[in-house]
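What follows is a short report on a single structure.
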Amino acid sequence: MKKLFTKWDFVIILICLALSVLLFALRPNENGNEAVIRVDGKKYKTVDINSTDLGEITVNGVTVVYGGGEIYIKDSSCRDKVCVNAGHLSKKGQSSVCAPNRVSVEIKSDGKNAPRAVTG
Amino acid sequence: MKSVKIQKLTVTALFTSLSVVLSFLESFLPTFAFLPPGAKPGFSNIIVMFSAMSLGVPQTLFIVCAKATFAFLTRGAVAGLMSLAGGVLSGICMLFVLGKLKVTGCVGAGVLSAVCHNLGQLLVSFITVGSSAVFGYAPVLLVVSVVTGVITGAILRAAIPYFNKLRGAEWGMP
Amino acid sequence: MKTVKKLLPLLCISVILGVFIFSFVKDMYSEKTQYGFACGSEVKVTVFGTKDGEEKSKSAIDEINCLDRDVLSDTLSTSAVYKLNESGEYTDNSGELVSYINECADLISSCSKMTLLSKPISDIWNISGGGRIPSDEELVDAVKKADMKNLSVSGNKITLSNGGKMSFGAFGKGTVCEKGVNALKNSGAKGGIVTVGGTVGVFGKCGKSDTVTVGVRDPFAGAGEYFATVDVKDCYLSTSGDYEKYFEKDGKRYCHIFDAETAKPVDSDITSVTVIADGGTLSDVLSTAIFILGEDGLTLAEKYNAQCIIVKKDKSVIISKELEGNFKLVNSGFSVSAV
């Protein structure tokens, strides 16, 4: 008859729990958010906005800064600056668009309970 | 010899339906607040474990695939793929641990089975979601696997005599 | 019994293959999204339940681009409106521009505060170039130029007089959105969502649910944040607000929506108006109209069987009673009442 418990079972459970603690300690930042930078409607780059170092990307005259849980358009060569005025983005689904330069920045949403589109 | 094989075939069919029914009934269990979404006790793993110790490789894989097909038909392609990946991974692991190594007890096997099942599902959700963020779940799932694995392992141990009676004891008893 | 031994693995493999093929086919028919630019906004097109979804959404974006580039834009020198503004007259052989002019002129005929010839007004305020406050003479002059009487259409010939200049700025997004939705419908897609700037067009079955949840922008929060959601199907949603394109001088905000009777930016207790209607042009015209007219505009919405969501500066929200049940507040800082 098969045993209920052997010393190996203890080893297995201990390894699992240890692994869990280890992974928990090593896990990436909780919000693990990614933002997509699109140029002309095509994906240009995906960046991790939770990186502790600030990153800066300039494309089509638009300067995008990300890091520390935020992403924002710092400067743009366009006239109306709607994209710069959109301010700092940090929540899932938020986006900022520079239409004259055809650049957009959007924080990926996880799709759960999020609306499919936003009017406004 | 011939009767053993027929017996194996019928028992495989019986266990297949049993595992499908168990996973179906399980979907009615309320999801508990502290558990991550989709975390289930995994009662059908009990069947897979028993099949791994007593029936054999193709039979075990068949049960796993049948369960995945059922999940696919009732809950969609992603759920089907998840069940398939989790089931095949834990099935192979159980065939190795319970069928070949034979050093662990029921509880350890249950834990390993749950861990492998969750790992397979996590891999599929990584592929479908396309984001490594799903691995943030891994530590929680490991702890949940230990708890559910101990439970299923204990149930397996208690159920073995009944299973043996069910399948008849004409070939190797675990 | 040897056959059983052989058949079992075979069965396993075929089950695995079957599941993979099924999920592959399902993926082929799953939703596909493409992005583009038109009308000074980002365009997002999502299709559901069709093969070649990527190509279909791309061609919808192309249609939107063509309409903007060839007909409606007042900044691109390739467009009919630009040519009309340059020379004062235009012969529209395709009849496309004439039909859009007629549709819009018909919709705004009941509201003298709206005009299709808004370019003289927006030019003197120059909001997209940082903004300036024009003199009284300039305002009076602009009101005269923007008068709808300066536009005449006979057959395919469009004529502008007295310095009138046309702009589809207030309605163009709705019109191109409708064009995009129709392109998707004609392509055989089961469902689709087309977003042009703040205008959203929804049709058919999009995903599992029969309705599509659309967020309504929070005028007091950052880009892309919404204070409420509405569940809709087969309709268009447009929002007019004073929070995106504006300039501030001496603590006063001057927005990009003008009253054609005074040539001044609308200044009321309303900060945004969302309209849900059967047509894209219709919803876009109505949201601008109600933003200008205030609550008086509600009768206009009723006339066209449209629903609206009006957000006031004190964070009180008025919604059409038909929206009750489909409207969900997600930011508790707002108070909602139904009319």
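Residue numbers (our numbering), protein chains in the order written: chain A, 1224 to 1343; chain B, 109 to 282; chain C, 1299 to 1637.
Every residue gets a Cβ at the ideal spot worked out from N, C-alpha and C, and that includes glycine.
None of the values given here were measured: they were computed from a predicted structure.
Assigned exposure category for residue i - 16 Cβ within 10 Å defines buried
{"i": "residue 197/B", "result": "buried"}
{"i": "residue 1428/C", "result": "exposed"}
{"i": "residue 1517/C", "result": "buried"}
{"i": "residue 1515/C", "result": "buried"}
{"i": "residue 218/B", "result": "buried"}
{"i": "residue 141/B", "result": "Residue placement at residue 141/B is poorly supported in this model, since its pLDDT is 43, which falls under 50; the coordinates still yield a value, given next. When all chains shown are included, residue 141/B counts as exposed."}
{"i": "residue 1241/A", "result": "exposed"}
{"i": "residue 123/B", "result": "buried"}
{"i": "residue 1549/C", "result": "exposed"}
{"i": "residue 228/B", "result": "buried"}
{"i": "residue 270/B", "result": "exposed"}
{"i": "residue 163/B", "result": "buried"}
{"i": "residue 1284/A", "result": "exposed"}
{"i": "residue 1591/C", "result": "buried"}
{"i": "residue 256/B", "result": "buried"}
{"i": "residue 1569/C", "result": "buried"}
{"i": "residue 191/B", "result": "buried"}
{"i": "residue 210/B", "result": "exposed"}
Neighbourhood of residue i by C-beta, 8 Å cutoff - its chain only, sequence neighbours within 5 removed
{"i": "residue 1315/A", "result": "1256, 1330, 1331, 1332, 1333 and 1337"}
{"i": "residue 1613/C", "result": "1518, 1631, 1632 and 1633"}
{"i": "residue 203/B", "result": "160, 165 and 168"}
{"i": "residue 1348/C", "result": "1327, 1354, 1485, 1486, 1487 and 1488"}
{"i": "residue 1624/C", "result": "1509, 1528, 1529 and 1530"}
6 Å Cβ shell around residue i - same chain, five flanking residues per side excluded
{"i": "residue 1441/C", "result": "1561"}
{"i": "residue 1620/C", "result": "1605"}
{"i": "residue 187/B", "result": "179"}
{"i": "residue 1468/C", "result": "1586"}
{"i": "residue 1618/C", "result": "1605 and 1606"}
{"i": "residue 1263/A", "result": "1325"}
Nearest candidate by alpha-carbon position, reference residue i, set the options
{"i": "residue 1533/C", "options": "1566/C, 1568/C and 1492/C", "result": "1492/C"}
{"i": "residue 1407/C", "options": "1634/C, 1558/C and 1564/C", "result": "1558/C"}
{"i": "residue 1386/C", "options": "1457/C, 1569/C and 1576/C", "result": "1457/C"}
{"i": "residue 1392/C", "options": "1598/C, 1455/C, 1571/C and 1538/C", "result": "1455/C"}
{"i": "residue 1643/C", "options": "1568/C, 1467/C and 1450/C", "result": "Summary: the structure shown does not reach residue 1643/C, with chain C confined to residues 1299 through 1637, and so no result is reported for it."}
{"i": "residue 1537/C", "options": "1484/C, 1470/C and 1552/C", "result": "1470/C"}
{"i": "residue 1341/C", "options": "1462/C, 1361/C and 1623/C", "result": "1361/C"}
{"i": "residue 1233/A", "options": "269/B, 254/B and 260/B", "result": "254/B"}
{"i": "residue 1610/C", "options": "1335/C, 1571/C, 1390/C and 1531/C", "result": "1571/C"}
{"i": "residue 223/B", "options": "130/B, 273/B and 260/B", "result": "260/B"}
{"i": "residue 1259/A", "options": "1341/A, 1236/A and 1280/A", "result": "1280/A"}
{"i": "residue 1615/C", "options": "1505/C, 1526/C and 1506/C", "result": "1526/C"}
{"i": "residue 151/B", "options": "130/B, 181/B, 125/B and 232/B", "result": "130/B"}
{"i": "residue 1246/A", "options": "154/B, 247/B, 209/B and 256/B", "result": "247/B"}
{"i": "residue 1379/C", "options": "1350/C, 1417/C and 1344/C", "result": "1417/C"}
{"i": "residue 1443/C", "options": "1425/C, 1421/C, 1453/C and 1431/C", "result": "1421/C"}
{"i": "residue 1342/A", "options": "1437/C, 1438/C, 1574/C and 1415/C", "result": "1574/C"}
{"i": "residue 135/B", "options": "182/B, 112/B and 172/B", "result": "182/B"}
{"i": "residue 1435/C", "options": "1356/C, 1551/C, 1419/C and 1521/C", "result": "1419/C"}
{"i": "residue 1397/C", "options": "1415/C, 1462/C and 1452/C", "result": "1452/C"}
{"i": "residue 174/B", "options": "125/B, 232/B, 266/B and 221/B", "result": "125/B"}
{"i": "residue 1194/A", "options": "252/B, 158/B and 132/B", "result": "What is shown of chain A runs 1224 to 1343, which leaves residue 1194/A out entirely."}
{"i": "residue 1291/A", "options": "1301/A, 1248/A, 1270/A and 1229/A", "result": "1270/A"}
{"i": "residue 1412/C", "options": "1635/C, 1637/C, 1595/C and 1601/C", "result": "1595/C"}
Inter-residue CB distance, residue i and residue j (contact presumed, cutoff 8 Å)
{"i": "residue 1303/A", "j": "residue 1543/C", "result": "7 Å"}
{"i": "residue 1286/A", "j": "residue 1298/A", "result": "4 Å"}
{"i": "residue 1464/C", "j": "residue 1383/C", "result": "6 Å"}
{"i": "residue 1225/A", "j": "residue 268/B", "result": "6 Å"}
{"i": "residue 1520/C", "j": "residue 1317/A", "result": "6 Å"}
{"i": "residue 1553/C", "j": "residue 1540/C", "result": "3 Å"}
Cutoff 8 Å: residue i Cβ touching any chain F Cβ
{"i": "residue 1335/C", "result": "The structure shown contains no chain F; its protein chains are A, B and C."}
Closer than 7 Å: residue i CB and nearest the ligand ADP heavy atom
{"i": "residue 167/B", "result": "In terms of ligand content, the structure shown is empty, and the ligand ADP therefore cannot be addressed."}
Neighbourhood of residue i by C-beta, 7 Å cutoff - its chain only, sequence neighbours within 5 removed
{"i": "residue 1531/C", "result": "1500, 1508, 1509 and 1510"}
{"i": "residue 1483/C", "result": "1501"}
{"i": "residue 1367/C", "result": "1374, 1376 and 1377"}
{"i": "residue 121/B", "result": "none"}
{"i": "residue 1503/C", "result": "1346, 1347, 1488 and 1489"}
{"i": "residue 258/B", "result": "215, 218 and 219"}
(message) Under 8 Å, with one C-beta from each stretch per pair, do the segment 1292–1310 of chain A and the segment 1320–1330 of chain A reach the 3-pair mark?
(response) When C-beta atoms of the segment 1292–1310 of chain A are compared with those of the segment 1320–1330 of chain A, three or more pairs fall below 8 Å, so the two segments count as touching.
(message) When you compare the segment 1471–1479 of chain C with the segment 1579–1586 of chain C, are there three or more beta-carbon pairs, one atom per stretch, that lie closer than 8 Å?
(response) yes
(message) For the pair the segment 1329–1338 of chain C and the segment 1357–1376 of chain C, tell me if three or more CB-CB distances fall below 8 Å.
(response) yes
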